[in-house]
Structures are given as structure tokens and as C-alpha cells.
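One structure is given below, encoded as C-alpha cells.
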Amino acid sequence: MKVGIIGGGAAGFFSAMAVKENYPNADVIIFEKSRKVLSKVKISGGGRCNVTNGCTSIPELLKAYPRGGRSLKKVFHVFSTSDTMKWFKSRGVPLVVQDDNCVFPVSQDSQSIIDCFLKECRRLGVQIITHAGINAIKPKAKGLELQFVDDARKPEQFDKVIVTTGGSPTLIGLKWLQELGHKIETPVPSLFTFNMPGEKVRKLMGVVVENAMVAIQGTKLKAQGPLLITHWGMSGPAILKLSAFGARLINETNYHFKFQVNWCNEQRNDVVFNTLQSIAEQSPNKVLANVKPYGLSERLWLFLLEKCELSSRKKWGELGKKGMNKLTNILVNDIYSVDGSSKFREEFVTCGGVSLQSINLNTMESKVCDNLYFAGEVLDIDAITGGYNLQAAWSTGFVAGQLK
Ligand SMILES: Cc1cc2nc3c(=O)[nH]c(=O)nc-3n(C[C@H](O)[C@H](O)[C@H](O)COP(=O)(O)OP(=O)(O)OC[C@H]3O[C@@H](n4cnc5c(N)ncnc54)[C@H](O)[C@@H]3O)c2cc1C
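Residue 3 is where the sequence shown starts when you use our numbering, and the numbers rise one by one after that.
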């Protein structure tokens, strides 16, 4: 059996190795269009590669996927986070689970993952061909023919093909798969930071709030976690999570929308009001500048006081109900505007791609083209940060590699 894998990234390597484990006599070839394989794995997790997440509960895991969540259930029952950890450990890559459940190689270097894959491919006999972009798949009476971008290269016949070309930022990049009959969900960015050119809060760049809640006004979309103020706006896990869950909706606003920051992650106004009141009762003669509620940093606290027009020299005991209400409101419901898409990309993934409606999730085989399988980010699957995107690549790659 001859198997072609289109794309030498995370999903491509994982599916190629799975095919060879299942069919040791198969000829397995990875075709990579660029000069280098696994280049995203190399830069992933800031060069450390957040290879998976420590969460082992499948229902919990599914919550990390704004797109694909429920559909991944079947796939995770075959190969999940604990299988990933076993897979790497048994191949000589020890892993460490951080306090935030992100899992990294002990070496803290993504090269360990790449070296492991290259060694496994050598051991199993997977061929890797670079500078080999594919631009068409032609169904034949028996199997599939792959055509190369380079006209000089003759088309090749395969019994089975796995498409692992990763996320495409444009619809045009998915046309060749659409032409085969697959439904395509229009790609839009996910996991981006917020660009806030008109907001004075940017002068606080570098300030981190450990547990904030952010929400898009007029929607039910919200996220919580650490928030980082940057020189262009806001970033950090809470913002990235909100961008992932709101990816389509935000795209529809053309990246012009208002969102709300709850600096103390306490949804009930009365609770915040009471907290402020007890500070006033305990320290009536201290000035506002000197007692910072909810562990807020000095810079942020002074900024918020100025924003709600309260003097930092005012005493807590002089605040009164009106002052308390102003403070409560700014802590719970501080509004900011995003204006334009961010040029500062963090962990950028694509929302959209080949629709899961076109895929049999028991096998990852296409429903519209026999002998053609899919894995990884080319599919309409994406997750928040935390190792979940690579986990989707490993899991779908593993299932596709069964060639069932
Ligand atoms: C900066 C950054 C950091 C990230 N960090 C993390 C992290 O720490 N943890 C995590 O879980 N996720 C992370 N992600 C997301 C994760 O890297 C991706 O979700 C994952 O790499 C997707 O794997 P893939 O194999 O589907 O696609 P890719 O890794 O993108 O691989 C696709 C490959 O196919 C090749 N290709 C494309 N078209 C063709 C063609 N027509 N012919 C031949 N070859 C082709 C491409 O050149 C590429 O090498 C990060 C992403 C970025 C951008």
C-alpha cells in the first residue's frame, strides 16, 4: 500500500507514524511544500512546545475547543491527552505538567519533539520530501493521484492520502479541497490580542491582572484568566480565550467592538460594594491611593481612580455611597474599545477550514472522496491556548493513521 501525507507539520508526522505502526509494509511519504518540516512545532509555546494539556477528563477537554469540541469526543476516546503523554514518554521524551496544566518537554525545548519525530520516522521508514507542494488531488479508479505545484514533477498515484496542510488564512487556499466536494467554513483568525489605539490604558503596558473577567458587550461571550496590558492594547489568556470564542462574531464587526473588563472577577456588584465599604470602615482616614482593593497594582488602581474621576488623595471615609458606586462600577464593568485587528500576533490559529460535516469522525475519512483522510488544523477545529491545538493534531492524526 502506498500512502501520501500532504503537509509535514504536527498532524502530518503523527499520522505518518501511526500509518507505519499499523501497516509496517506500507510506503509512507510526507510531502512538505516548504524547505523545512515541523516549523510551527519549532516555534510553538515560545520555542518550548506546549505539547498537550494535563486535563484528562474528556468532557472538560471538549470545553477548550470553540470549534470542533463536541465532534472531537469520539476522537479523544481513541487518543487523548494521557495517550499523548504516554506516547512521548515511551519514546524517550519526558514531559512536565505545569501548575496551569500546560504540558512541556522537560528539556523546555521544542527541538526535543522534532528530534523524536525525525528519529521515529527513520526507525519506521517514513519518507520525507521537502519542496514538494501539492495543488490537486484527482480521484482515480483505484486510489488518488497527487499533482505537484512544480509542473516538472510528475503526478503520483497513491492508495490512500491524508491531508494535513494546517490552517489556511484564506478561502482560496482551501479551494482545491472544496473542488473535491468538501464543505468549507470560511477561515478567520482566532487567538489574537486586542488592538486598542484610542485607549489610554495602554500607558500601563506590562501590568498583569492575575484573574480578570472580560466580556463582549451585547453578547454572552465572556472569558476569565490572567490579563496583560500591552503597548497596543490587551493580551494574556483571558483576552486570547475571548478572541477564540468570539472569533467569528468579532470578525463580523471588522474588529471594531466594545468589551467589558471586570478587574476583580466578581460578578456581583453588591459583593464588590460591600468589600469597598468594609475597607472604608476599617481605614476611613487612609487615602484611596494607599489602599488598593483586590490586590490591584498601584499603576492600575491610580488609573482607574482617574478614569472614574475620584481623587487619589480623597479619604476612604469620605467616599460616600456615590463614590462607592463609581468605584464598584469601574471595577466590575470597565468598558474599552477595540479598533482594528491586531498586528501583534500571539498564538495565532485559524477558525474555519474543512467542515466536520464532510468528515467521518470515526475514521477521519472524507465523506465525499474515498481513500482521502484529514487531520489537524486544516479541519474546522481550533482551541484556546494550553496545548489543546497540538492535542487535536495528535488525536486526529492518530485516528486518520488507522486508515479504517
Ligand atoms: C506561534 C505559534 C505558537 C503555537 N504554540 C502552540 C503550543 O504551544 N501548543 C499548541 O497546542 N498549539 C500551539 N500552536 C498551534 C499549533 O502549532 C497548530 O495548531 C498545529 O501546528 C497544527 O498542526 P498541523 O499539522 O495541522 O498544521 P501545521 O503545523 O501548520 O503544518 C502544516 C504543514 O503543511 C504544509 N503544507 C501546507 N500546504 C501544503 C501543500 N499544499 N503541500 C504540501 N505541504 C503543505 C505547511 O508548510 C506546514 O508545514 C501555535 C501556533 C503558533 C502560530
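Virtual Cβ for every residue (Gly too), placed ideally from N, Cα, C. Bear in mind the structure is a predicted one, so any value in this text is a computation, not a measurement.
Any non-hydrogen atom of ligand 1 within 7 Å of residue i CB
i: Tyr-390; result: yes
i: Ser-59; result: no
i: Ala-13; result: yes
i: Arg-84; result: The sequence shown places Ser at residue 84, rather than the Arg named in the question. Result no, Cβ not under 7 Å from ligand 1.
i: Glu-379; result: yes
i: Asn-335; result: no
i: Val-39; result: yes
i: Cys-432; result: The chain is shown only over 3 to 406; residue 432 falls outside these bounds and no answer can be derived.
i: Gly-71; result: no
i: Ala-291; result: no
i: Gln-113; result: no
i: Gly-403; result: no
i: Asn-52; result: yes
i: Thr-166; result: yes
i: Ala-18; result: no
i: Ala-249; result: no
i: Gln-359; result: no
i: Gly-169; result: yes
i: Lys-185; result: no
i: Val-209; result: no
i: Phe-33; result: yes
i: Ile-241; result: no
i: Phe-90; result: no
i: Leu-109; result: As written in the sequence, residue 109 is Ser, which differs from the Leu given in the question. No, Cβ of Ser-109 sits at least 7 Å from all heavy atoms of ligand 1.
i: Phe-160; result: no
i: Gln-180; result: no
i: Ala-66; result: no
i: Phe-350; result: yes
i: Gly-10; result: yes
i: Ala-395; result: yes
i: Ser-245; result: no
i: Gly-135; result: yes
Option in the options with minimal Cα separation from residue i
i: Gly-399; options: Gly-145, Ile-164, Val-5 and Ser-36; result: Ile-164
i: Met-87; options: Cys-104, Trp-318 and Lys-76; result: Cys-104
i: Gln-180; options: Lys-288, Thr-387, Gln-359 and Ile-241; result: Gln-359
i: Pro-26; options: Lys-316, Leu-329, His-79 and Cys-123; result: Cys-123
i: Val-263; options: Asp-336, Lys-185 and Ser-82; result: Asp-336
i: Phe-388; options: Lys-406, Leu-321, Ala-240 and Ser-92; result: Before going further, note that residue 388 is Gly rather than Phe in the sequence given. That would be Ala-240, whose Cα lies nearest to the Cα of Gly-388.
i: Lys-345; options: Gly-49, His-233 and Ile-116; result: His-233
i: Lys-324; options: Tyr-296, Ser-339, Asn-364 and Phe-275; result: Phe-275
i: Gly-10; options: His-258, Gly-48 and Ile-116; result: Ile-116
i: Ser-245; options: Pro-228, Cys-118 and Leu-223; result: Leu-223
i: Gly-48; options: Val-99, Ala-20 and Phe-106; result: Phe-106
i: Val-39; options: Phe-119, Pro-61 and Phe-150; result: Phe-119
i: Arg-93; options: Thr-83, Val-77 and Ser-114; result: Ser-114
Assigned secondary structure, residue i (DSSP; H/G/I helix, E/B strand, else coil)
i: Ala-81; result: Before going on, a small fix: residue 81 reads as Phe here, not Ala. It is coil, neither helix nor strand.
i: Met-236; result: strand
i: Arg-315; result: coil
i: Ala-28; result: coil
i: Lys-177; result: helix
i: Met-215; result: strand
i: Asn-292; result: helix
i: Gln-262; result: strand
i: Pro-286; result: coil
i: Asn-55; result: strand
i: Ile-252; result: helix
i: Ser-368; result: strand
i: Pro-61; result: helix
i: Ile-386; result: coil
i: Gly-70; result: coil
i: Thr-221; result: coil
i: Asp-272; result: helix
i: Thr-195; result: coil
i: Lys-345; result: coil
i: Asn-327; result: helix
i: Lys-38; result: coil
i: Lys-4; result: strand
i: Asn-391; result: helix
i: Leu-229; result: strand
Ligand 2 heavy atom lying under 7 Å from the CB of residue i
i: Phe-119; result: Ligand 2 is absent from the structure shown, which contains only ligand 1.
May I have a chain-ordered list of the alpha helix (DSSP H) segments no shorter than 4 residues that lie completely inside the region 111-190? 113-126 and 177-180
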